[in-house]
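Colleague:
Protein chains: 2
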Amino acid sequence: MDIQLKRGLLDVCVLAAIKNEDSYGYQIIKDLKPCIELSESTLYTILKRLEAANMLTVRTAEHGGRLRKYYHITPEGRKRIEDFKDEWKEIMSIYRFVTKEDEAYE
Amino acid sequence: MDIQLKRGLLDVCVLAAIKNEDSYGYQIIKDLKPCIELSESTLYTILKRLEAANMLTVRTAEHGGRLRKYYHITPEGRKRIEDFKDEWKEIMSIYRFVTKEDEAYE
DNA sequence: CGGTATACATCGTATCACGAAGTATCAACC
DNA sequence: GGTTGATACTTCGTGATACGATGTATACCG
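Those protein sequence lines, which keep their order, are chains L and S. Numbering-wise (the numbering used here), the first sequence opens with residue 135 and increments by one. Numbering-wise (the numbering used here), the second sequence opens with residue 135 and increments by one.
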């Protein structure tokens with residue numbers, strides 16, 4: 135999938151991946167894999183960005199001797215998903231514009 | 135509309151704007167306005183990129199004493215639009231993932 | 001003991017949309 | 001004839017950001 139198309143989708147995907155249950159980096163990547171692929175460096179950049187924007191909070195917990203950072207979505211994060219649904223209407227109108235066939239040309 | 139979301143859409147929009155009829159910069163911006171807004175600097179950057187990628191050709195013509203550069207879509211440009219339709223399936227699956235409600239959570 | 005999976009972090013780079021500013025022509029208005 | 005606004009294209013610098021490469025560290029399995 136084209137990198138440029140992924141932009142703007144990735145943030146929301148990450149938020150969606152934690153919206154029902156707190157999760158951590160490695161797990162998020164696995165959960166998103168069937169839907170959208172992203173590298174670790176990309177994910178951790180995104181998580182930091184979302185934290186700075188108050189869309190999620192972080193909690194460090196030990197698990198099997200290793201540290202894990204669990205991410206929890208905030209109301210702002212949920213709002214971001216809702217806003218995305220609105221933006222989707224614009225996206226759909228763009229899609230229709232691009233795929234619209236001109237009868238005169240056909 | 136979020137800048138990041140526009141990325142990956144803009145190229146295809148510009149190609150769509152000239153797919154039925156050759157057009158020039160200023161006109162393309164006006165035609166796209168109801169669908170997606172873009173500045174002149176953005177458009178001319180995109181046009182150069184698409185030309186470099188052989189997705190369109192350029193022809194300079196005089197019109198009312200002023201020069202205009204008319205852009206014409208190539209087969210590669212049309213293929214780009216077709217490829218976009220395929221990518222759209224992935225986009226839709228991402229949308230469904232993001233908006234999917236988890237019954238257990240509701 | 002070595003390989004693989006887990007888990008997170010940092011750095012540098014390339015791509016790209018945009019605002020700002022500039023150049024130039026033409027039509028309309030006063 | 002001077003001013004303004006629309007038309008038309010160009011260049012420059014900046015900020016955002018996805019990613020590969022690389023590094024660190026632990027757990028588990030054979």
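We put the beta carbon where it would ideally sit given N, CA and C, even for glycine.
The beta strand (DSSP E) with S:I207 in it runs from where to where?
Modeller: For this step, residue 207 of chain S is matched to residue 73 along the second sequence. It spans R200 to I207 - the beta strand (DSSP E) in which S:I207 sits, taken as one unbroken run.
Colleague: For my contact list, L:L190 and L:I152 are in at a C-beta cut-off of 8 Å; report their separation, rounded to the angstrom.
Modeller: Here residue 190 of chain L corresponds to residue number 56 of the first sequence, with the count starting at 1. Here residue 152 of chain L corresponds to residue number 18 of the first sequence, with the count starting at 1. L:L190 to L:I152, Cβ: 7 Å. Contact.
Colleague: Measure the C-alpha to C-alpha separation of S:R212 and S:L149 and round it to an integer number of angstroms.
Modeller: Counting from one through the second sequence, the residue named residue 212 of chain S turns up at place 78. Counting from one through the second sequence, the residue named residue 149 of chain S turns up at place 15. Taking the straight line joining both Cα atoms gives about 8 Å.
Colleague: Which residues in the same chain as L:V146 place their Cβ atom closer than 8 Å to its Cβ, once the five residues preceding and following it in sequence are excluded?
Modeller: Position 12 of the first sequence, counting from 1, holds the residue named residue 146 of chain L. Hits under 8 Å: R214, I215 and F218.
Colleague: Using CA atoms only, rank isn't needed, just tell me which of L:I170, L:D220 and L:E221 is closest to L:I137.
Modeller: For the purposes of this step, residue 137 of chain L is identified with residue 3 of the first sequence, where counting begins at 1. Checking every option, the nearest Cα to that of L:I137 belongs to L:I170.
Colleague: Mark S:E240 as exposed unless 16 or more other C-beta atoms lie within 10 angstroms of its C-beta, in which case mark it buried.
Modeller: Here residue 240 of chain S is taken as the residue at index 106 of the second sequence, counted from 1. Note that S:E240 has pLDDT 45, beneath the 50 cutoff, so the model's placement of it is unreliable and no number is given.
Colleague: Please report the distance separating the alpha-carbon of S:S227 from that of L:M135.
Modeller: Numbered from its first residue, the second sequence carries residue 227 of chain S at position 93. Numbered from its first residue, the first sequence carries residue 135 of chain L at position 1. In a straight line, the C-alpha of S:S227 is about 12 Å away from that of L:M135.
Colleague: Check this for me: beta carbons of L:N188 and L:E210, under 9 Å apart or not?
Modeller: Your numbering for residue 188 of chain L matches position 54 in the first sequence. Your numbering for residue 210 of chain L matches position 76 in the first sequence. Result yes, Cβ atoms of L:N188 and L:E210 sit closer than 9 Å.
Colleague: Under 7 Å Cβ to Cβ from L:K140, same chain only, skipping five residues before and after it: list those, please.
Modeller: To locate residue 140 of chain L, count along the first sequence from 1; it is residue 6. Hits under 7 Å: I170.
Colleague: Answer yes or no: does any C-beta atom of chain S fall closer than 9 Å to that of L:L184?
Modeller: Within the first sequence, residue 184 of chain L is the residue found at index 50, counting from 1. No, no contact with chain S.
Colleague: Between which two residues does the beta strand (DSSP E) containing S:L190 stretch?
Modeller: As a position in the second sequence, residue 190 of chain S is number 56, starting the count at 1. Unbroken beta strand (DSSP E) run through S:L190: L190 to H197.
Colleague: Answer yes or no: does any C-beta atom of chain S fall closer than 9 Å to that of L:M135?
Modeller: To locate residue 135 of chain L, count along the first sequence from 1; it is residue 1. It does; some Cβ of chain S falls within 9 Å.
Colleague: Assign S:G198 to one of two classes, buried (16 or more other C-beta atoms within 10 Å of its C-beta) or exposed (fewer than that).
Modeller: Position 64 of the second sequence, counted from the start, is the residue given in the question as residue 198 of chain S. The residue in question, S:G198, is exposed, as its Cβ has fewer than 16 Cβ neighbours within 10 Å.
Colleague: Exposed or buried, which one is S:Y178 when buried takes at least 16 other CB atoms within 10 Å?
Modeller: Counting from one through the second sequence, the residue named residue 178 of chain S turns up at place 44. S:Y178 is exposed by the Cβ-count criterion.
Colleague: Please decide whether L:G142 counts as near chain S, where near means a Cβ-Cβ distance under 9 Å.
Modeller: The sequence position of residue 142 of chain L within the first sequence is 8, counting from 1. Yes, contact with chain S.
Colleague: Give me the Cα-Cα distance between L:D156 and L:T194, rounded to the nearest whole angstrom.
Modeller: Taking the first sequence and counting its residues from 1, one reaches residue 156 of chain L at position 22. Taking the first sequence and counting its residues from 1, one reaches residue 194 of chain L at position 60. Roughly 12 Å between the two C-alpha positions.
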